[in-house]
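Residue numbers (this note's numbering): 4 to 239.
Glycine included, C-beta positions come from ideal geometry on N, C-alpha and C.
Some notes on the structure that comes next.
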Amino acid sequence: MMNKTYMMKKLALLPIVFLALFSVAHATADCEIYIQEAHSKISPPYPNYFGAGEEYYNAAECYKRLEKFQEANSAYLNAARYYEKAAEYIVEGGDHLQKGGSYERAAESYLAVGEYSKAIKSYEEAKLVYSQGGYAAKAQNIETILEELQEREEYATAIELTRESIIGLISLITLFISILFLALIAAANLTKEKERSFTVPDEPKTKEEPVKTPQREATPRERVIKKLREKYAPKE
């Protein structure tokens, strides 16, 4: 009975799961529509680079909402590229407002992916164009943004340098410990070799002299018998 109830609950969840998957797929398709629109806007003979940048930017925002950050970052960078092309497409002395706005949008796209150096460069271009066109308020606004960005970039650079210094210090400590460990192993092995090669010299062996047993003095009887043997013994 319990297994049946459990299975019924699982089956009841299936429509919810299916709906969630369908929603994600539908949302992803919406993001891809922006990409397709961007491709259509750069088609010859009259490419609209600013419009393509806008479509890529919208696609990036769409992917970001879906937490597809890799696709979002790629779309942001494409948006920045087309905004810059749009600015470069406008001839010198042309529409300063549109040219400056294109550089400004490129900077915003770079900021979205943390490309501070490129963002600062685009903002500086926008400030220059606004100044040349007489848009002092916009140029001043860009100047304020640049000051904040430069402080942020300096802070990020300091953090990166500190991180690299810490990593370098850890690497040096690790190397020192490794060398010390190897030196200790080598010293231990050398000590063992010395112990093996060191032998106690054997004590010189003394030549054993045969033990001389004292001869017993012959008795008078034994002396007489010896003389008789010497006298009557057959000579060869």
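Quiz item: Quick one: Cα of residue 49 to Cα of residue 65, how far?
Solution: Counting from one through the sequence shown, the residue named residue 49 turns up at place 46. Counting from one through the sequence shown, the residue named residue 65 turns up at place 62. When rounded, the distance between both Cα atoms is 27 Å.
Quiz prompt | C-alpha gap between residue 133 and residue 148, whole angstroms | solution = Sequence index remark: in the sequence shown, residue 133 carries index 130 (1-based). Sequence index remark: in the sequence shown, residue 148 carries index 145 (1-based). If I take the Cα positions, the gap works out to 14 Å.
Self-check item: Of the listed residues 130, 131, 111, nearest to residue 122 (C-alpha basis)
Solution: As a first step, residue 122 is located in the sequence shown; it is residue number 119 there, counting from the start. Nearest option by C-alpha distance: 111.
Quiz item: Hey, would you say residue 41 sits closer than 9 Å to residue 81, going by beta carbons?
Solution: If you number the sequence shown from 1, residue 41 lands on position 38. If you number the sequence shown from 1, residue 81 lands on position 78. Yes, the Cβ-Cβ distance between residue 41 and residue 81 is below 9 Å.
Practice problem: Grab me the residues of residue 24's own chain with a C-beta within less than 8 Å of its C-beta, minus the 5 sequence neighbours each way, in chain order. | Solution: Residue 24 sits at position 21 when you count from the first residue of the sequence shown. Note that residue 24 has pLDDT 37, beneath the 50 cutoff, so the model's placement of it is unreliable and the number below is only indicative. Result list for residue 24: empty, nothing under 8 Å.
Quiz item: Do the region 50–57 and the region 75–92 touch if we need at least three Cβ pairs shorter than 8 Å?
Solution: These segments touch.
Quiz item: In the structure shown, what three-state DSSP assignment does residue 33 receive?
Solution: Residue mapping note: residue 33 aligns to position 30 of the sequence shown, counting from 1. The answer is helix: DSSP assigns residue 33 an H, G or I state.
Exercise. Could you name the residues of the same chain whose beta carbon sits closer than 7 Å to that of residue 146, not counting the 5 residues immediately before and after it, in chain order?
Key: On the sequence shown, position 143 is the one that residue 146 refers to. Taken in chain order, the residues that qualify are 130.
Self-check item: Continuous alpha helix (DSSP H) stretch holding residue 56: start and end
Solution: In the sequence shown, counting from the first residue as 1, residue 56 sits at position 53. Residues 52–68.
Quiz item: Between the Cα of residue 155 and the Cα atoms of 174, 189, 166, 117, which residue gives the shortest distance?
Solution: As a first step, residue 155 is located in the sequence shown; it is residue number 152 there, counting from the start. Distance from the Cα of residue 155 is smallest, within the candidate group 174, 189, 166, 117, for 117.
Quiz item: Whose CA, out of 61, 38, 85, 72, lies closest to the CA of residue 290?
Solution: Nothing can be reported for residue 290, as the shown portion of the chain is limited to 4 through 239.
Practice problem: Let me know if residue 68 comes out buried or exposed under the rule of 16 or more other beta-carbons within 10 Å of its beta-carbon. | Solution: The residue given as residue 68 occupies position 65 in the sequence shown. The residue in question, residue 68, is exposed, as its Cβ has fewer than 16 Cβ neighbours within 10 Å.
Quiz item: Nearest-angstrom Cα distance between residue 126 and residue 95?
Solution: Position 123 of the sequence shown, counted from the first residue, corresponds to residue 126. Position 92 of the sequence shown, counted from the first residue, corresponds to residue 95. One C-alpha to the other measures close to 18 Å.
Quiz item: Between which two residues does the alpha helix (DSSP H) containing residue 221 stretch?
Solution: Position 218 of the sequence shown, counted from the first residue, corresponds to residue 221. Element bounds for residue 221: n/a, residue is neither H nor E.
Practice problem: Flag residue 225 as yes when its Cβ comes closer than 8 Å to any non-hydrogen atom of the ligand MG, and as no otherwise. | Solution: Summarising the ligand content, the structure contains no ligands, and the ligand MG is consequently not present.
Self-check item: Residue of 100, 166, 231, 120 minimising C-alpha distance to residue 139
Solution: As a working note, residue 139 is residue 136 in the sequence shown. Checking every option, the nearest Cα to that of residue 139 belongs to 100.
Quiz item: Expressed to the nearest angstrom, what Euclidean distance is found between the alpha-carbon atoms of residue 233 and residue 222?
Solution: Taking the first residue of the sequence shown as 1, we reach residue 233 at position 230. Taking the first residue of the sequence shown as 1, we reach residue 222 at position 219. Computed Cα separation, rounded: 17 Å.
Quiz item: The alpha helix (DSSP H) with residue 130 in it runs from where to where?
Solution: Your numbering for residue 130 matches position 127 in the sequence shown. Annotation for residue 130: the continuous alpha helix (DSSP H) segment containing it runs 119–136.
Quiz prompt | Coil, strand or helix - residue 85 by DSSP | solution = Working through the sequence shown from its first residue, we reach residue 85 at position 82. Helix at residue 85.
Self-check item: Assigned secondary structure, residue 170 (DSSP; H/G/I helix, E/B strand, else coil)
Solution: The residue labelled residue 170 in the question sits at position 167 within the sequence shown. Residue 170 falls in the helix class under three-state DSSP.
Quiz item: Taking just the CA atoms, how far does residue 153 sit from residue 192?
Solution: The residue you call residue 192 lines up with position 189 of the sequence shown. The residue you call residue 153 lines up with position 150 of the sequence shown. Between residue 192 and residue 153, the C-alpha separation is close to 58 Å.
Quiz item: Who are the Cβ neighbours of residue 45 in its own chain at under 6 Å, not counting the five residues just before and after it?
Solution: On the sequence shown, residue 45 is found 42 positions in, with the first residue counted as 1. Once the five neighbours on either side are set aside, the close Cβ partners of residue 45 are 55.
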